[in-house]
Each structure stands twice: as C-alpha cells, then as structure tokens.
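Take a look at the structure set out below.
Numbering (the numbering used here), first residue to last: 359 to 871.
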C-alpha cells in the first residue's frame with residue numbers, strides 16, 4: 359500500500375512541476391516582450407534626439423527697452439523654445455535669467471537685492487519672473503490702448519492685405535474676445551468706404567468670406583483703373599470727326615479758263631484781312647488755323663478725365679436703388695427781411711430764361727425769409743451786415759481780417775467779423791455756414807467758393823440749377839424766376855406808373871406788408 363501511495367504522490371508532483379514550468383515560461387515570455395519594447399522605445403527616443411541635434415534653437419537676448427511689442431514677442435518666442443526643449447519651470451527660469459541683458463539685467467539685479475533686504479526668497483520660477491517683467495516694462499493701460507487702436511483702425515491709402523494684417527495683429531495682441539458678427543462689423547467699419555459699400559450688399563456669415571470678397575472688390579477696382587489709363591487720349595471733340603472722302607467734281611470748262619489766267623497771290627488782300635482769329639485775336643486766318651494753337655497737355659487730359667469720371671459718378675449716384683433720386687427745393691416763400699431800394703418804377707418786358715441771370719433763391723434764417731446768391735467766383739461766403747444786426751446773430755472775430763475794395767479806388771471796407779449762419783431751404787436742406795460780415799445790398803447771403811467746395815456741387819448752366827448730396831440723397835436747388843428777381847414791388851405790376859418815385863403813402867403801405 360505504501361508503494362502505491364508513493365507512486366501516486368510522485369505522479370502528482372510531476373504534474374505540478376510541469377504546470378509550474380509552463381507558468382514560468384509564460385511569465386518569462388511576457389517579461390521579455392516588455393523589456394524589448396522598452397529598449398526599442400528608448401532607442402527610438404535616443405535616435406530622435408540624435409536627429410534633432412543639428413537643429414539649433416536658442417532664445418534671443420532681451421535688452422529691456424520700452425517697446426512693449428518687443429517684450430511680448432520675446433515671451434512668445436521663449437515659450438515656444440521651452441516647449442520644444444521640454445524644460446520644467448525651474449530650468450525655464452535659469453535659461454531666461456541668462457538672457458536678460460542691458461537694462462533688463464540691471465533691473466533684475468536690483469530686484470534681487472531688494473528682495474534680499476526685505477528678507478524674501480530669491481525668484482526661482484519662470485512664471486513669477488515673467489509677471490515681474492510685465493509689471494515693469496508693460497504699462498497697465500497697454501491692453502486698453504490696443505483695443506482703442508483696433509477700434510479706430512482705418513485702411514486709408516493702404517491695401518486690404520496690409521489693413522488685414524494690422525487688424526489681426528491688434529486683435530491678437532489685445533486679446534479681444536468677440537462674436538464673429540462683431541468682428542466682421544469692426545472690420546467693415548475700418549475698410550475703405552468704396553470697398554465696404556459693395557461688400558455690405560452681400561450677406562456674409564464668415565470673416566474669411568468677408569476678407570476674400572473685399573480683396574476681390576479691390577482687385578476689380580484696380581483693373582478698372584488700369585483699363586481707363588489705356589483708353590485713347592483723343593480729345594472728345596475729335597473722336598466723332600470723320601474725314602471727308604467724297605469725290606470732288608470739277609467743272610472742266612472752268613479749268614480751261616483758269617489755264618489761260620495768271621493768278622498773282624496777294625497775302626494782304628481785303629478778304630484775308632477780314633478773317634479774324636478768336637484764338638490770338640489776329641487777322642488773316644481763322645482760329646482752327648491759328649499757329650499759336652497748342653495741343654492739350656497730359657495734366658489737362660487728366661483734368662478732363664477727372665471731370666468725366668465725376669459726371670459718371672453723379673449719374674450713377676442719381677440712379678441708386680432704394681434712395682430717392684432727387685429732391686427739388688424751390689425758393690422759400692414769404693416776405694423778405696429787408697426792403698430793397700426802388701431804383702426805377704417803370705416796368706419793362708422781362709425774359710423768363712436764365713441765360714443772363716445769376717442764381718438767386720430764398721432761404722429761411724431764424725424764421726425770416728432772406729435773399730441768397732450763389733456765385734462760385736466769390737472766394738468767401740458773405741452775410742449782410744443789416745441782416746446780422748436785425749436778427750441779432752452772434753458774431754466772431756475774424757482770424758485774418760482784411761480790407762475789401764469795391765469798384766472805386768479809395769473806398770475800402772474793413773472785414774473783421776464772422777458769423778456762423780444757420781439757414782434752411784425747404785424741409786430737406788438745413789446747413790450752417792461760416793460767413794464774413796460785409797455791408798452789401800445785393801443780397802442777404804452770398805454763398806461762394808467755400809460753400810461750393812464743401813458741398814461738392816454740380817452746376818447745370820442751361821437750367822441754372824445747383825445739385826449736390828445731402829444726408830444720403832441728392833438735392834437740387836432751383837432759381838427764382840427772372841420776373842421775381844427783377845420785380846421791385848408787388849403793386850407795380852398792377853398799376854405801372856411813369857413816375858420814377860413812389861408816393862409817401864404807397865411807400866408806407868409797402869413797408870407795412
């Protein structure tokens with residue numbers, strides 16, 4: 359029995375030994391694979407480190423100037439290098455400490471001494487050092503200034519690309535957090551108005567789409583400008599000229615007679631003397647044959663092209679969709695502020711056209727009807743002294759007083775006052791013009807070249823009307839009829855008299871109206 363038991367125990371022991379050996383082999387196999395993986399990973403990392411040895415990445419020195427953008431750029435560059443090298447905060451601090459030069463190094467040495475005297479531990483953190491540098495060299499209102507600059511940024515004369523670069527730089531530096539719609543609105547506000555007006559016509563929901571459309575509009579405008587430069591420079595009065603090519607029929611009998619006749623040329627004949635040139639005021643030739651006639655220069659051609667472009671823009675502006683094309687403003691109606699002198703009471707037939715008429719209209723000043731002349735030949739805007747006194751308008755001292763001389767010599771007037779004059783014509787045009795105060799009887803208000811320049815007016819000679827843009831729409835001022843401008847009194851049209859003077863009763867009657 360004992361031998362049988364021993365044999366069974368021996369079999370069990372052998373089975374357990376085999377099982378243990380199988381488990382040991384499995385464990386060794388797993389351990390060997392992990393070891394090989396670790397070795398391979400370590401070799402791979404070592405291989406990558408050895409492959410990056412030829413790439414030299416270093417941090418530039420910082421001098422500690424007052425240029426905030428330079429310091430911020432140094433921070434960003436140092437952070438990228440630290441991330442590439444895998445430095446911890448302590449090593450970042452040591453490397454940054456070595457890169458402080460010039461004034462920055464002196465400042466840091468003073469900071470260390472100050473902390474030592476105060477019993478504080480020396481700095482050992484990169485984040486704390488960066489905070490100290492920002493507090494020292496970047497003012498507290500720097501972010502606010504960046505935001506203001508980004509808000510007031512304009513394209514001016516630069517391209518869309520340069521404007522976009524400045525816009526993105528200020529947005530990133532100022533760390534502006536805004537919605538895409540707000541960013542698009544801020545970008546369009548600073549864009550060139552000629553470009554932004556066309557971009558706004560199309561609904562866009564992405565900032566990149568707005569930028570691409572603005573660049574296309576800019577490119578289209580440049581192509582049109584280059585096309586205009588290639589247009590023929592032939593003057594407009596010669597473009598429609600066609601040389602005559604019809605055959606000339608001659609009378610053979612007349613030619614036979616001319617063969618037997620000898621013609622002696624005589625330059626100073628009476629016929630030639632009757633020919634007068636209106637170009638040089640000479641005799642013997644017409645203006646088209648004038649030897650002093652010169653061709654247009656390049657500058658004159660550019661001026662003519664500029665006038666043509668302005669006329670095209672005027673026609674385009676007059677037909678814009680969604681905007682009232684034109685508002686016609688007739689003269690204001692009412693009794694004039696000041697009575698004019700009666701120079702002649704005998705009526706004469708008047709012409710109703712505007713061929714020989716200066717533009718005259720009526721406006722309203724402080725609730726009173728005043729007479730207005732528009733003359734672009736006048737170098738200043740003028741207001742009547744009598745009108746200013748009657749309406750008690752506040753005046754200002756003229757910054758550059760001058761003397762005004764009328765037709766006769768020795769008669770000079772000192773102009774040393776100005777008045778900010780508010781006036782209106784109809785309900786659609788209200789304006790305020792700075793006028794020189796001058797004693798004059800021709801009108802109450804004279805709108806001269808300064809007013810025409812500021813309003814960018816267009817004058818139509820045949821209809822004698824002035825047109826300009828005001829509050830987003832085009833306004834046209836119509837003149838007074840010649841029968842009104844030349845009428846001396848309402849009663850004279852009904853009861854014409856041969857006398858050159860008015861009776862006292864009639865004058866008082868007219869004055870009370």
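Yeah, the Cβ is synthetic: ideal placement off N, Cα and C, and Gly gets one too.
Are the beta-carbon atoms belonging to residue i and residue j less than 7 Å from one another?
i	j	result
residue 746	residue 816	no
residue 801	residue 741	no
residue 717	residue 840	no
residue 903	residue 783	Here the chain covers residues 359 to 871 and nothing more, so residue 903 does not appear.
residue 828	residue 787	yes
residue 685	residue 833	yes
residue 734	residue 807	yes
residue 774	residue 797	no
residue 421	residue 468	no
residue 532	residue 501	yes
residue 822	residue 712	yes
residue 835	residue 719	yes
residue 447	residue 484	yes
residue 429	residue 495	yes
Among residues of its own chain, excluding the 5 on either side of residue i, which ones have a beta-carbon nearer than 7 Å to its beta-carbon?
i	result
residue 522	569
residue 560	571
residue 417	435, 436, 439, 453, 457
residue 558	546
residue 732	717, 805, 824
residue 505	532, 534
residue 488	433
residue 490	469
residue 399	The predicted model places residue 399 with a pLDDT of 48, which falls under 50 and marks its position as unreliable; any figure quoted below should be read in that light. The answer is none, since no qualifying residue turns up.
residue 737	806, 807
Pull up the distance between the alpha-carbon of residue i and that of residue j, whole angstroms please.
i	j	result
residue 373	residue 388	23 Å
residue 425	residue 465	16 Å
residue 809	residue 726	21 Å
residue 739	residue 791	8 Å
residue 576	residue 545	15 Å
residue 804	residue 762	15 Å
residue 631	residue 648	Residue confidence is low: residue 631 scores 49 on pLDDT, short of 50, so the model does not pin down where it sits. No coordinate-derived value is stated.
residue 868	residue 744	19 Å
residue 519	residue 432	26 Å
residue 574	residue 812	32 Å
residue 543	residue 567	13 Å
residue 818	residue 826	11 Å
residue 772	residue 528	54 Å
residue 384	residue 378	10 Å
residue 472	residue 449	23 Å
residue 579	residue 555	13 Å
residue 462	residue 516	36 Å
residue 470	residue 443	27 Å
residue 850	residue 640	Its pLDDT being 37, under 50, residue 850 is placed unreliably by the model, and nothing is read from it.
residue 789	residue 551	24 Å
residue 701	residue 748	For residue 701, the pLDDT reaches just 48, beneath the cut-off of 50, and the residue's location in the model is therefore unreliable, leaving the point undetermined.
residue 363	residue 376	20 Å
residue 691	residue 530	60 Å
residue 897	residue 475	The displayed coordinates of the chain run from 359 to 871. Any statement about residue 897 would go beyond what the structure contains.
residue 486	residue 497	17 Å
residue 493	residue 780	53 Å
residue 403	residue 369	Any answer about residue 403 is weak, because its pLDDT of 46 lies below 50 and its placement is not dependable; what the coordinates show is given next. In a straight line, the C-alpha of residue 403 is about 52 Å away from that of residue 369.
residue 371	residue 382	16 Å
residue 499	residue 830	39 Å
residue 785	residue 643	56 Å
residue 799	residue 870	20 Å
residue 866	residue 723	25 Å
Apart from the five residues just before and just after residue i, which ones in its own chain have a Cβ nearer than 6 Å to its Cβ?
i	result
residue 751	777
residue 541	565
residue 688	836
residue 562	568
residue 607	Reliability fails at residue 607, whose pLDDT of 47 lies under 50, so the model's placement of it is uncertain and no value is given.
Can you tell me which residues form a DSSP beta bridge with residue i?
i	result
residue 461	Residue 461 pairs with nothing; no bridge assigned.
residue 750	Answer is none; residue 750 lacks a bridge partner.
residue 740	794, 804
residue 828	831
residue 782	722, 788
residue 643	According to DSSP, residue 643 bridges with nothing at all.
residue 729	720
residue 777	793
residue 818	823
residue 755	775
residue 763	770
residue 685	833
residue 420	458
message = For the pair the stretch 504 to 516 and the stretch 477 to 495, tell me if three or more CB-CB distances fall below 8 Å.
response = no
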